[in-house]
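In this note's numbering, the protein residues as written are 26 to 421. These notes are about the structure you will find just below.
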Amino acid sequence: MIVPMARRMMTEPDPRLLWKFACNMGYKGMRSVHLFKKRIKKGEHFPPFLFISIINSCQLRCQGCWVDVAAPRQMITLEDWNRVINDAKKHGNSFFGILGGEPFMHPQLLEMIAAHPDCYFQIFTNGQLITDEVAKELRRLGNATPLISIEGTELVSDERRGRLNVLSKTMDGLEACVRNRLIIGVATSVCQTNIDLVSEDWLKKLIKMGAHYAWFHTYRVVGPNAAPELALSPEQVLKVRRFIVEMRAKHPIAIVDAYWDDKGEALCPMATGVSHHIGPSGAVEPCPIIQFAKEDIKDERGIFETMTNSEFLKDFRETAAKTTRGCIVLERPDLVRDLVNKHGARDTTQRQTALAELDELEPRNSQHNPGNAIPEDHWAYRFAKKHWFFGFGAYS
Ligand code: SF4
26 MIVPMARRMM
36 TEPDPRLLWK
46 FACNMGYKGM
56 RSVHLFKKRI
66 KKGEHFPPFL
76 FISIINSCQL
86 RCQGCWVDVA
96 APRQMITLED
106 WNRVINDAKK
116 HGNSFFGILG
126 GEPFMHPQLL
136 EMIAAHPDCY
146 FQIFTNGQLI
156 TDEVAKELRR
166 LGNATPLISI
176 EGTELVSDER
186 RGRLNVLSKT
196 MDGLEACVRN
206 RLIIGVATSV
216 CQTNIDLVSE
226 DWLKKLIKMG
236 AHYAWFHTYR
246 VVGPNAAPEL
256 ALSPEQVLKV
266 RRFIVEMRAK
276 HPIAIVDAYW
286 DDKGEALCPM
296 ATGVSHHIGP
306 SGAVEPCPII
316 QFAKEDIKDE
326 RGIFETMTNS
336 EFLKDFRETA
346 AKTTRGCIVL
356 ERPDLVRDLV
366 NKHGARDTTQ
376 RQTALAELDE
386 LEPRNSQHNP
396 GNAIPEDHWA
406 YRFAKKHWFF
416 GFGAYS
């Protein structure tokens with residue numbers, strides 16, 4: 026797998042972009058995790074990876090989306106963005122996830138990326154607003170990778186995303202990225218209506234499309250349109266895990282996951298402290314689907330001090346880690362409610378129904394399936410997870 030993968034990376038993306046990826050994401054990413062490990066030894070929890078939702082607006086209406094996509098626009102300003110990124114950089118961070126809504130609806134997205142050539146950005150997007158012009162600018166900047174979400178066939182995509190011709194518009198965006206030799210990812214939120222995408226044929230199609238990495242999320246039953254009937258059974262989640270492990274050793278495409286360590290034990294990125302989230306209002310949240318906060322990026326202490334001193338985030342990490350290696354929102358929504366009440370945290374949504382939505386949630390399985398761990402098979406993933414993506418002591 027390694028040689029054909031290396032051949033793809035040496036021939037398909039612009040070599041300058043590969044270099045930026047290797048430096049700003051690869052080397053500096055590893056360094057940021059090393060610094061994170063040193064910090065947590067001192068009891069200082071500041072995540073090496075921040076995920077920032079820069080806007081709430083989106084042109085799609087997906088099942089299971091927790092963002093107020095139809096509400097009045099909320100955006101992170103360029104000034105606030107630069108303050109957060111600069112402070113995080115001071116503490117060794119270099120990789121940031123950019124989410125929404127749809128990030129390409131933010132009029133300053135490209136300026137935000139251009140302002141930090143020493144960092145690397147992963148843009149979670151539906152791809153529909155990526156024109157040749159936008160892709161050309163991303164190539165010129167070189168420090169961002171679009172992670173384009175594809176949820177299934179034309180029919181399934183339209184159903185899942187609440188609009189028409191979703192897949193063809195998304196494919197236009199992906200093709201613009203290929204033409205402009207970007208490093209490209211494809212993400213799928215695996216659920217009942219698209220679990221057939223968890224197949225070798227689909228992976229081969231992704232390689233043909235020009236995707237360099239894939240991310241198979243497992244569907245989260247949350248938000249005002251939670252659609253619990255789409256959730257995966259424990260057996261299906263295990264199928265996804267087994268597929269990921271097998272395909273990593275077989276095909277020249279990288280497969281990302283954020284839910285298992287090298288031994289195949291489940292983990293929660295929030296509970297380990299490896300990532301936290303900033304909402305489109307500037308709210309500092311435990312993770313994207315926990316839409317409650319006590320702190321905000323406007324805090325003049327800066328994001329580092331704000332997060333390392335947050336009793337709310339600390340309590341969330343520790344309670345989640347004590348409760349499960351999986352997802353506390355799926356498995357114990359009652360505990361999420363208790364933590365919110367205990368800290369008097371505010372509902373950060375514009376719809377102001379996040380607590381009521383928690384009450385609606387039935388406890389269910391997540392990525393944690395005790396006794397059924399599937400360890401990494403390929404040495405490269407085993408090594409990478411062993412050193413840069415594991416429990417960081419949260420579960421011991
Ligand atoms: S709480 Fe759930 S959704 Fe949030 S980071 Fe943890 S596993 Fe993921």
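Just so it is clear, CB atoms sit at the ideal spot from N, CA and C, and this is done for glycine as well.
Note: residue 259 is not bridge-paired with any residue in the DSSP secondary-structure output. In this structure the region 141 to 149 does not lie against the region 89 to 103, because fewer than three pairs of beta carbons, one per stretch, are closer than 8 Å. The C-alpha of residue 219 lies about 11 Å from the C-alpha of residue 241. Per the coordinates, the alpha-carbon of residue 358 lies some 27 Å from the alpha-carbon of residue 127. Residue burial is scored here from C-beta neighbours: residue 253 has fewer than 16 other C-beta atoms within 10 angstroms and is therefore classed as exposed. Excluding five sequence positions before and after residue 236, the CB atoms of its chain that fall closer than 7 Å to its own CB belong to 209, 210, 211 and 278, given in chain order. Distances between the C-beta of residue 245 and the heavy atoms of the ligand SF4 include at least one below 7 Å. The closest CA to that of residue 249, considering only 411, 384 and 50, is found on 384.
Taking residue 247 as the centre and dropping the five residues before and after it, the same chain places the C-beta of 91 and 314 closer than 6 Å to its C-beta, in chain order. Remark: the C-beta of residue 332 is outside contact range of the ligand SF4, defined as less than 7 Å to any heavy atom. One alpha carbon belongs to residue 52, the other to residue 120, and they sit about 11 Å apart. Secondary-structure assignment with DSSP links residue 171 through a beta bridge to 148. Across the structure, residue 39 and residue 387 are spaced so that their CA atoms are roughly 47 Å apart. Under DSSP, residue 301 shares a beta bridge with 75. The DSSP-derived three-state label of residue 100 is strand. Between the C-alpha atoms of residue 353 and residue 391 there is a straight-line separation of about 9 Å.
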